[in-house]
Amino acid sequence: MNTDIRYIFLDLGGTFRVIDKDPAYLATARAKIAELCGVKTEDPTRWFEDVIDKRYDVYREWALKYMCEAPEEVLWRRWLAYDCDPELIRRNASELCYQYRQTKGRRTVVEGGADTVKELCRRGYTLGIISDLVGRREVDEWLDQDGLRPYFQTVQQSSVTYIRKPGPAIYYYAMEEVGAEPENCCYVGDNLNRDIIGAKAVDFGMTVTVQYQKDKPLKLTAENRPDAKVYRFPDLLDIFPKRGQVAVEKLIPPEDGQ
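Take 122 as the starting number for the sequence shown in our numbering and just add one per residue.
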């Protein structure tokens, strides 16, 4: 582990943002998906679960295998709605991706997340986002709505790069945009087999995993073992006191099965 950390890159889902699965919110998004696909059904939720969700499972298997994200139109015309009017799907592909994300829940910044990011920037760290997700619209809208765009000097999305973690290239894009060397970078994420493996593959100086559920054991291997873990997002402030520094004594080391 390198303690000369100047750049901190964040995962989004499960790390910086968490999901509220409000049933009414999910149902509205699923009904909108059916409408956008031109599907008439009395039970949009059942149709979504039986058709779109199952097709997405097949797509996800392909995406993970090749560490690739399909363009919006390709995702829907090839994988999710190939039996619907292709011209309708082409016109609605962007909105379909946006609504698909909403079918999984309402995403909000984790408690203390915004203040932590602002303080890390005040301490001199350069921050960025490296995230896997479908659709190009959602993250840009969220950053503007929450007033967080000024705090992230690079935003790398698999929906834009077409590369998913742990593919090394998406990390390289982030480093290139901010002028960083890998040994001065830390990645913070919740998924050991994507977030941590990818960061270690490009020789990041440090990796941190968030474990919001303390009773959920980590399945650690030599390849996915992070340098530290935190139980609350604001705990990052204990670890990073000033640009170019790491408070090693504050680290909670990951342990086998914990």
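Even for Gly, the Cβ is constructed at its ideal location relative to N, Cα and C.
Keep in mind it's a predicted model, so treat the numbers as computed, not measured.
TODO: Report yes if the CB atom of Tyr-246 is closer than 8 Å to the CB atom of Phe-361, and no otherwise.
DONE: As a working mapping, residue 246 is identified with position 125 in the sequence shown. As a working mapping, residue 361 is identified with position 240 in the sequence shown. Yes, these two residues count as a Cβ contact at 8 Å.
Task: Sufficient close CB pairs (3 or more, under 8 Å) joining the stretch 354-374 to the stretch 146-166 - done: no
TODO: Return the first residue and the last residue of the beta strand (DSSP E) that Ala-349 is part of.
DONE: Position 228 of the sequence shown, counting from 1, holds the residue named residue 349. Counting along the chain, the beta strand (DSSP E) containing Ala-349 begins and ends at 349-351.
TODO: Check the DSSP bridge columns for Ile-140 and list the partner residues they point to.
DONE: The sequence position of residue 140 within the sequence shown is 19, counting from 1. In DSSP, Ile-140 forms a bridge with Arg-228.
Task: Distance between Cys-306 and Tyr-294 (C-alpha atoms, nearest Å) - done: For the purposes of this step, residue 294 is identified with residue 173 of the sequence shown, where counting begins at 1. For the purposes of this step, residue 306 is identified with residue 185 of the sequence shown, where counting begins at 1. Going by the C-alpha atoms only, they are around 13 Å apart.
- [ ] Pull up the distance between the alpha-carbon of Tyr-292 and that of Leu-133, whole angstroms please.
- [x] Position 171 of the sequence shown, counting from 1, holds the residue named residue 292. Position 12 of the sequence shown, counting from 1, holds the residue named residue 133. For Tyr-292 and Leu-133, the distance between alpha carbons rounds to 14 Å.
Task: Which of helix, strand or coil DSSP assigns to Met-188 - done: Mapped onto the sequence shown, residue 188 falls at position 67. In the structure shown, Met-188 sits in coil (DSSP, three-state: anything other than H, G, I, E or B).
Open item on the list: Let me check one thing: in DSSP terms, what residues is Tyr-308 bridge-paired to?
Closed with: Counted from its first residue, the sequence shown places residue 308 at position 187. DSSP, once it has assigned bridges, lists Phe-130 and Thr-328 as partnering Tyr-308.
- [ ] Tell me the start and end of each unbroken beta strand (DSSP E) in the stretch 239-305 that is at least 3 residues and wholly inside, in chain order.
- [x] 247-252 and 275-278
Open item on the list: Comparing C-alpha positions only, which one of Trp-197, Arg-227, Leu-209 and Glu-208 sits nearest to Cys-218?
Closed with: Within the sequence shown, residue 218 is the residue found at index 97, counting from 1. It is Trp-197 whose Cα lies nearest to the Cα of Cys-218.
TODO: Please work out which residues of its chain come closer than 8 Å, Cβ to Cβ, to Phe-169, disregarding the five sequence neighbours upstream and downstream, and give them in chain order.
DONE: The sequence position of residue 169 within the sequence shown is 48, counting from 1. The answer, listed in chain order, is Arg-151, Ile-154, Ala-155 and Thr-224.
TODO: Answer with yes or no whether the minimum CB distance from Val-276 to chain D is below 8 Å.
DONE: Absent from the structure is chain D; it holds one protein chain and no more.
Open item on the list: Applying the 10 Å Cβ sphere with the 16-neighbour rule, what's the burial state of Gln-266?
Closed with: Walking along the sequence shown from the start, residue 266 turns up at place 145. The residue is exposed, with fewer than 16 neighbouring Cβ atoms inside 10 Å.
Task: DSSP beta-bridge partners of Ile-373 - done: For this step, residue 373 is matched to residue 252 along the sequence shown. Partner(s): Lys-350.
Open item on the list: Given a cut-off of 8 Å on the beta-carbon distance, is the pair Val-231 and Trp-200 in contact?
Closed with: Numbered from its first residue, the sequence shown carries residue 231 at position 110. Numbered from its first residue, the sequence shown carries residue 200 at position 79. Contact: no.
Task: Span of the alpha helix (DSSP H), counted from its first residue to its last, around Leu-357 - done: Counted from its first residue, the sequence shown places residue 357 at position 236. Counting along the chain, Leu-357 sits inside the alpha helix (DSSP H) bounded by residues 357-360.
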